[in-house]
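Q:
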Amino acid sequence: MLDHIDHQILDLLKRNARLTYTEIGKQINMSSPAVKTRIERLEDYVIKRYTVEVNNKELNKGIHGFVLFKTKSCEKLMNYCKENSNIIDLWRIGGEYNYMAEVVCEEMEELEQISKDTTHFAFSNILSVLGNHPVSND
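Sequential numbering of the sequence shown, starting at 1, is according to the UniProt record's numbering.
#1: Tell me, to the nearest whole angstrom, how far the beta carbon of I126 is from that of E107; I am working on the premise that it is less than 8 Å.
#2: Would you mind working out which of N86, K82, E83 and S124 sits nearest Y99, comparing C-alpha positions?
#3: Quick one: what does DSSP say L127 is sitting in, helix, strand or coil?
#4: Under a three-way DSSP split, which group does G62 fall into?
#5: Given 8 Å as the limit, is there contact between the region 89-104 and the region 65-74, that is, 3 or more CB pairs closer than that?
#6: Taking only three categories from DSSP, how would you classify T71?
#7: Is the number of C-beta pairs between the region 75-86 and the region 47-59 that are closer than 8 Å three or more?
#8: Which whole-angstrom value describes the C-beta separation of G65 and V103, a residue pair presumed to lie in contact below a C-beta threshold of 8 Å?
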């Protein structure tokens, strides 16, 4: 069971996973060893991984989109997505479509190519991201 201190620690780590135990402790009025103990417990049960958020535009991957898939061959779709370096995430979803892939690429043609590549085992619908409006709890 998580208490309010655990939630405070998680909120701080979500904003910056590189914070030291000391920095976190100062913000929540707790000693570094106590913060370390709590984070280790959270890593056992709640924290799945630490990750890096990449600025795709700096990597010349300024096109961002989602592709919705309706398929009966889940295995073929998953294999294709694992092999395509432009696909950064894949979700199983409910509703009219059964999968949604997140895609970043250099050219719009690469996004369209995903739809062409998968026509023999899936129907797809491309959603192109026009802008980003992050939601923050701050």
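Ideal placement from N, C-alpha and C gives every residue a C-beta, glycine not left out.
A: Judging by the given coordinates:
#1: Your numbering for residue 126 matches position 126 in the sequence shown. Your numbering for residue 107 matches position 107 in the sequence shown. Contact doesn't hold; Cβ gap of about 13 Å is too wide.
#2: Against the sequence shown, residue 99 aligns to sequence position 99. The shortest Cα separation from Y99 among N86, K82, E83 and S124 belongs to S124.
#3: Taking the first residue of the sequence shown as position 1, residue 127 is located at position 127. Of the three classes helix, strand and coil, the one that applies to L127 here is strand, per DSSP.
#4: On the sequence shown, position 62 is the one that residue 62 refers to. The answer is coil: DSSP assigns G62 none of H, G, I, E or B.
#5: yes
#6: For the purposes of this step, residue 71 is taken as the residue at position 71 of the sequence shown. Reduced to three states, the DSSP call for T71 is strand.
#7: Taking one beta carbon from each stretch, the region 75-86 and the region 47-59 have fewer than 3 pairs nearer than 8 Å; the two do not touch.
#8: To locate residue 65, count along the sequence shown from 1; it is residue 65. To locate residue 103, count along the sequence shown from 1; it is residue 103. Going by Cβ atoms, the distance from G65 to V103 rounds to 5 Å, so yes, they are a contact pair.
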